[in-house]
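Student: Pasting in a structure now, in structure tokens, and then I'll have a few things to ask.
Here it is, written out as structure tokens:
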């Protein structure tokens, strides 16, 4: 990218030399300013555990937005593109554009639309209004079917995916999507490709959020996130909560089987997915969003089919990264290599996912992409009562591999609160372990989690927190102050900071060594220069 290009010509042009040195000085100034502001670094850790309790002046949650809400209702004619979104491919020379045309149908008898009746075209270029390039793609529809009286079947609009290739890294593009033969094209949109993989090139800002939903709190999270102007988004699963909307009246239920013991199957109201696509379009039509599947995306229907909506709606670079599943894949974003893992498919050491993961990690060149970041939905380290040790089996199967290859940061959701860990491996403080960060506090209908497993009387029973996929591997603590018990009697030493609030995070990688992590609480959206948690994560590969 720009640094690589100019490094060859620095001594030929005083202007270029000045430009290059100015960029270096700016990076160093960030670190100097952070020191002056006393932003801590992981070099100072491990930190004494800190808990910030839920603010009782705030509401723990809010109701779902109705389907006729201005941000959820359809705003274009039937054959015009809507729900437009972007996703990265494995390299910055390619990007996915997705959208929906036609009207979804819901009822007892629904007939799917025919995808071949509409073309999948993206026209694009590097100048506004000059869409000189064309690429075409594929389209599909999916159905959500229930063979039970009283439950509503659904068939989607036509979902389009087009992969643009041959793009220039670090370049702003203008695009439209749709079908020119029907004169049904979207309005103009823009995106900027990411820089080439290099230890000197990084996305400007990466937003991280999970368990978003479609509530008033979700609205605050998305608006706050957009205000922070990210260049890409990590969406950590549990997106629309369509599987709870109809059967819980938009109010949510902490235990579905308790609230609906006679339901033959957990019905999911698929129009919520269309509402979610419209809700997110203003942001993700210009900023690529990378997703991982959560438990609310399972959405089991007839014949045991699951994840149908998730699989159809989101383009991910599985094929490009050597994966045969859209539940796990990898991609580069400048000098960062991301691995997105699936917790609701086979994660055994001898299975396909682990086989792919090892091969992918072996191919990572840390001289080109120094940072290695993992993301999946349910956390391995979590001190809240909710989902405590729920995916312990997954941790036991995969943690050693990630540790072996020096993963720097791991992001998860699932728990509806915020928590950042000290560097940890196998429940032991370890300076070579990843920094695990849980950001499942996007604002969904199930409300914020406030109880900790170490609070008096709040330790889950070993039979609680059963995973929706995989086995149960609950463990008693094997060392340290909690040895022999299932829960600690105080905040665990590996838990550095936790707070029960809705929000999102921003990751800003400065260079091959330093990355600034900031967690923004929703209630801070009205305050300038405020954050709920902030720290520089520092890589120390020479020590590990």
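Residue numbers (UniProt numbering): 1 to 544.
Positions of the beta carbon are idealized from the N, C-alpha and C atoms, including for glycine.
Just so we're clear, the structure is a prediction, and the values are computed from it rather than from any experiment.
1) Starting from the N-terminal side, write out each stretch of the beta strand (DSSP E) that is 3 residues or longer and does not extend beyond the stretch 405–468.
2) Any Cβ of chain D within less than 8 Å of the Cβ of residue 295?
3) Report buried or exposed for residue 240, applying the criterion of at least 16 other Cβ atoms within 10 angstroms of its Cβ.
4) Measuring CB to CB, does residue 314 end up less than 8 Å from residue 291?
5) Using CA coordinates, which residue listed in 449, 509, 516 is at the minimum distance from residue 52?
6) What residues in its chain sit with their C-beta under 8 Å from that of residue 282, if we drop five residues either side in the sequence?
7) What's the C-alpha gap between residue 413 and residue 237?
8) Using the rule of at least 16 other Cβ atoms within 10 Å of the residue's Cβ for burial, across every protein chain shown, is residue 265 buried or exposed?
9) In the stretch 262–311, which residue ranges form an unbroken beta strand (DSSP E) of at least 3 residues, counting only runs that do not cross its ends?
10) Rank 42, 360, 192, 425 by C-alpha distance to the C-alpha of residue 318 and give the top, closest one.
11) Can you tell me the Cα-Cα spacing of residue 396 and residue 38, whole angstroms?
12) Any chance the stretch 286–306 sits against the stretch 127–142, with 3 or more Cβ pairs inside 8 Å?
13) Looking at residue 381: is its Cβ nearer than 8 Å to the Cβ of residue 494?
14) Of all the beta strand (DSSP E) runs that stay within the bounds of the stretch 62–101, which reach a length of 3 or more residues?
15) Hey, how far is the Cα of residue 365 from the Cα of residue 191?
16) Taking the alpha helix (DSSP H) that residue 354 falls in, what are its first and last residues?
17) Rounded C-beta distance between residue 416 and residue 447? I'm assuming under 8 Å.
18) From the DSSP output, read off the bridge partner residues of residue 519.
19) Tell me, please, which residues DSSP counts as bridged to residue 372.
20) Mind checking residue 175: buried by the 16 CB within 10 Å criterion, or exposed?
21) Measuring only the C-alpha atoms, how far is residue 121 from residue 156?
22) Using the beta-carbon count (16 or more within 10 Å), is residue 108 buried or exposed?
23) What span of residues does the beta strand (DSSP E) with residue 221 cover, start to end?
24) Are residue 193 and residue 230 close, meaning C-beta to C-beta below 8 Å?
25) Below 8 Å on the Cβ atoms is my guess for residue 444 versus residue 218; work out the distance and round it to an integer in Å.
26) Which first and last residues belong to the beta strand (DSSP E) in which residue 135 is found?
27) Where do the N-terminal and C-terminal ends of the beta strand (DSSP E) with residue 207 fall, by residue?
28) To the nearest angstrom, how far is it from the Cα of residue 48 to the Cα of residue 497?
29) Judging by CA-CA distance, which residue of 58, 91, 288 is the nearest neighbour of residue 195?
30) With a threshold of 8 Å on Cβ separation, who are the neighbours of residue 423 within its own chain once the five nearest residues in sequence on each side are excluded?
31) Does residue 15 come out as helix, strand or coil in the three-state DSSP assignment?
Tutor: Checking against the coordinates, here is how it stands:
1) Those beta strand (DSSP E) runs which fall completely within the stretch 405–468 and span 3+ residues are 409–412, 418–421, 435–439.
2) Protein chains in the displayed structure number just one, and chain D is not present.
3) On the chain shown, position 240 is the one that residue 240 refers to. That one is buried.
4) Here residue 314 refers to the residue found at position 314 when the chain shown is read from its first residue. Here residue 291 refers to the residue found at position 291 when the chain shown is read from its first residue. Inclusion of residue 314 and residue 291 in the CB contact set at 8 Å is warranted, their separation being smaller than that value.
5) As a first step, residue 52 must be located in the chain shown, where it is residue number 52. Measuring from the Cα of residue 52, the nearest candidate turns out to be 449.
6) As a position in the chain shown, residue 282 is number 282, starting the count at 1. Around residue 282: 226.
7) Numbered from its first residue, the chain shown carries residue 413 at position 413. Numbered from its first residue, the chain shown carries residue 237 at position 237. So the two alpha carbons sit approximately 7 Å from each other.
8) The residue given as residue 265 occupies position 265 in the chain shown. Residue burial is scored here from C-beta neighbours: residue 265 has fewer than 16 other C-beta atoms within 10 angstroms and is therefore classed as exposed.
9) Unbroken beta strand (DSSP E) runs of no fewer than 3 residues, entirely contained in the stretch 262–311, are found at 289–291, following chain order.
10) Locating residue 318 in the chain shown gives position 318, where the first residue counts as 1. Of the candidates 42, 360, 192, 425, the one whose C-alpha sits nearest the C-alpha of residue 318 is 360.
11) Within the chain shown, numbered from 1, the residue matching residue 396 stands at position 396. Within the chain shown, numbered from 1, the residue matching residue 38 stands at position 38. The straight-line gap from Cα to Cα measures roughly 37 Å.
12) By the Cβ criterion, the stretch 286–306 is not in contact with the stretch 127–142, since fewer than three pairs of Cβ atoms, one from each stretch, lie closer than 8 Å.
13) Sequence index remark: in the chain shown, residue 381 carries index 381 (1-based). Sequence index remark: in the chain shown, residue 494 carries index 494 (1-based). Contact: yes.
14) Those beta strand (DSSP E) runs which fall completely within the stretch 62–101 and span 3+ residues are 82–88, 95–101.
15) Reading the chain shown from its first residue, position 365 is the one you call residue 365. Reading the chain shown from its first residue, position 191 is the one you call residue 191. Rounded to the nearest angstrom, the two C-alpha atoms are 27 Å apart.
16) Here the question's residue 354 lines up with position 354 in the chain shown. It spans 352–362 - the alpha helix (DSSP H) in which residue 354 sits, taken as one unbroken run.
17) Taking the first residue of the chain shown as position 1, residue 416 is located at position 416. Taking the first residue of the chain shown as position 1, residue 447 is located at position 447. Contact annotation, residue 416 with residue 447: C-beta distance approximately 7 Å; criterion of less than 8 Å satisfied.
18) Taking the chain shown and counting its residues from 1, the one referred to as residue 519 is at position 519. Residue 519 pairs with 505, 533.
19) As a working note, residue 372 is residue 372 in the chain shown. Residue 372 is bridged by DSSP to 337.
20) Within the chain shown, residue 175 is the residue found at index 175, counting from 1. Residue 175 should be labelled buried.
21) To locate residue 121, count along the chain shown from 1; it is residue 121. To locate residue 156, count along the chain shown from 1; it is residue 156. Approximately 19 Å, taken between the alpha carbons.
22) Taking the chain shown and counting its residues from 1, one reaches residue 108 at position 108. Classification for residue 108: exposed.
23) For the purposes of this step, residue 221 is taken as residue 221 along the chain shown, with counting starting at 1. Looking at the DSSP string, residue 221 is not in any beta strand (DSSP E); the run it does join, the alpha helix (DSSP H), is 216–227.
24) On the chain shown, position 193 is the one that residue 193 refers to. On the chain shown, position 230 is the one that residue 230 refers to. No.
25) Looking up residue 444 in the chain shown gives position 444. Looking up residue 218 in the chain shown gives position 218. Going by Cβ atoms, the distance from residue 444 to residue 218 rounds to 7 Å, so yes, they are a contact pair.
26) One-based indexing of the chain shown puts residue 135 at position 135. Bounds of the beta strand (DSSP E) holding residue 135 are 133–136.
27) Position 207 of the chain shown, counted from the start, is the residue given in the question as residue 207. Run containing residue 207: 206–209, per the beta strand (DSSP E) assignment.
28) In the chain shown, residue 48 corresponds to position 48, counting from 1. In the chain shown, residue 497 corresponds to position 497, counting from 1. Going from the Cα of residue 48 to the Cα of residue 497 covers about 9 Å.
29) Sequence index remark: in the chain shown, residue 195 carries index 195 (1-based). Out of 58, 91, 288, 91 has the C-alpha closest to the C-alpha of residue 195.
30) Within the chain shown, numbered from 1, the residue matching residue 423 stands at position 423. Cβ-Cβ distances below 8 Å link residue 423 to 42, 45, 46, 429, 430, 431, 432, 433, 434, 435 in the same chain, with the five nearest sequence neighbours on each side left out; the list follows chain order.
31) Translated into the one-based positions of the chain shown, residue 15 becomes position 15. Model confidence at residue 15 stands at a pLDDT of 42, short of 50, so the residue's coordinates are unreliable and nothing is read from them.
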